[in-house]
Amino acid sequence: MIQELIPHYAVMLEGQGGLPKVVIKTEWSDAEIYLHGAHVTHFQKKGETPLLFLSELSEFESSKPIRGGIPIIFPWFGPREGFPAHGYARTTDWKLKQSALSSTGEVMIHFLLPSEESLETELIVRVAQQLSLEMIVTNRGENEATFENCLHTYFQIGAIDSISIEGLTGSSYLDKVTPGTFTEAAGSVTIASEVDRVYLDTTATIEITDRKLGRTIRVAKSGSNSTVVWNPWIAKSQRMPDFGDAEYLQMLCVESGNLASNKITLAPGAKSVMTVEISNAPPA
Ligand code: TA6
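Written as structure tokens, this is what we have:
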């Protein structure tokens, strides 16, 4: 099955596991987005290493989230007794509402999360020299509604011991490895063990400097007050069946959302808009 969405720029075809995916080719870059979870699984600028990591062992089936790319975490973050961890958005098949090509050659794909809930959730993906995601949540109900959201981005890196993360100095964070609340004192964060931190009350742009690949990835955001940094390291990697034991060496999650004390409460009719822009350049 191949459905042309934007001639020469975007088609819908059968992806892994028979799941439908949108394949996008622009003047500057390629991208792929599965309708399952409205999940961006690939973004690569021409002649460069992909910016997003996708596990070699990822499952592609309707009951499982894809491991890698940009999972959409909604309407809650983390485990919840009797419910899927990280909410149901990433294991739901979203509807493709619209696709369009801008006058400058940027491809826009607009998805809607089918739901009986009062919260209407949309994702707009824009692909050009950079990748941007816009997550829109509107309260269509008659009562206020509270939720957490997060674009749980997996970045491809050259080597975990050759990266540093800037932009979090001075922010407080919930540490999920050694439980407690701490303040980030480091000028730049490096990874030498399992790291699982929810930084709160931060709107900062994050820069990931990758000395091995010779690039700096920028994660700029709006409408997001939390940033998560995660690398599973050795033991947790071995416990994840859809993740290679050594894949922790080449990936890093820097996630943009609104979690814990930053969760969002919408009055009836109100709307929340969160955007994330992913770009890269040679290190300064
Ligand atoms: O964002 C970090 C985290 O909350 C980690 O604790 C880890 O569980 C990760 O998400 C992946 O969660 P998943 O449910 O996709 O295995």
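Numbering of the sequence shown is given in the working numbering, commencing with residue -19 and proceeding in unit increments. Here a beta-carbon is modelled for each residue, glycine too, at the ideal position from N, C-alpha and C.
Can you list, in chain order, every residue whose CB sits closer than 6 Å to a heavy atom of ligand 1? P45, G58, A65, H66, H132, K156, D176, V208, W210, C233, E235
Opposing strand residues paired with A80 [DSSP bridges]: Here residue 80 corresponds to residue number 100 of the sequence shown, with the count starting at 1. A80 pairs with M88.
For V157, which residues of its own chain have a beta-carbon under 6 Å away from its beta-carbon, when the five flanking residues on both sides are left out? Within the sequence shown, the letter at position 177 stands for residue 157. Once the five neighbours on either side are set aside, the close Cβ partners of V157 are E174, D176.
8 Å contact criterion, which S236 and K201 should meet: CB distance rounded: On the sequence shown, residue 236 is found 256 positions in, with the first residue counted as 1. On the sequence shown, residue 201 is found 221 positions in, with the first residue counted as 1. That pair is a contact at about 4 Å.
Can you tell me where the beta strand (DSSP E) holding S112 begins and where it ends? Taking the first residue of the sequence shown as 1, we reach residue 112 at position 132. From DSSP, the beta strand (DSSP E) with S112 extends over 111 to 119.
Can you give the Cα-Cα distance for S252 and G49, rounded to whole angstroms? Taking the sequence shown and counting its residues from 1, the one referred to as residue 252 is at position 272. Taking the sequence shown and counting its residues from 1, the one referred to as residue 49 is at position 69. So the alpha carbons of these two residues sit roughly 23 Å apart.
Looking only at its own chain, which residues have a Cβ that is under 6 Å from the Cβ of R47, when we skip the five neighbours before and after it? The residue labelled residue 47 in the question sits at position 67 within the sequence shown. If we look at R47 and ignore the five residues flanking it on each side, its Cβ neighbours are S35, S38, D222, F223.
Quick check on the DSSP output: what are the complete alpha helix (DSSP H) runs of length 4 or more inside the stretch -15 to 65, in order along the chain? none
Classify F106 as helix, strand or coil using the three-state DSSP reduction. Taking the sequence shown and counting its residues from 1, one reaches residue 106 at position 126. Contrary to the premise, residue 106 reads as Arg rather than Phe in this sequence. Note: R106 maps to strand in three-state DSSP.
According to DSSP, which residues form a beta bridge with G160? Counting from 1 along the sequence shown, the entry for residue 160 is found at position 180. Note: G160 sits in a beta bridge opposite D155.
Could you check how far apart the C-beta atoms of R120 and E100 are, in whole angstroms? I think they sit under 8 Å. The residue you call residue 120 lines up with position 140 of the sequence shown. The residue you call residue 100 lines up with position 120 of the sequence shown. Between E100 and R120 the Cβ distance is about 5 Å, and since that is below 8 Å, they are a contact.
Could you name the residues that DSSP lists as bridge partners for M254? Sequence index remark: in the sequence shown, residue 254 carries index 274 (1-based). M254 pairs with M115.
Expressed to the nearest angstrom, what Euclidean distance is found between the alpha-carbon atoms of E324 and I53? Because the chain is modelled from -19 through 264, residue 324 falls outside the range shown and cannot be assessed.
Does DSSP classify I214 as helix, strand or coil? Position 234 of the sequence shown holds residue 214. Helix, per DSSP.
Can you name the start and end residues of the beta strand (DSSP E) that V199 belongs to? One-based indexing of the sequence shown puts residue 199 at position 219. Its beta strand (DSSP E) spans residues 195 to 202.
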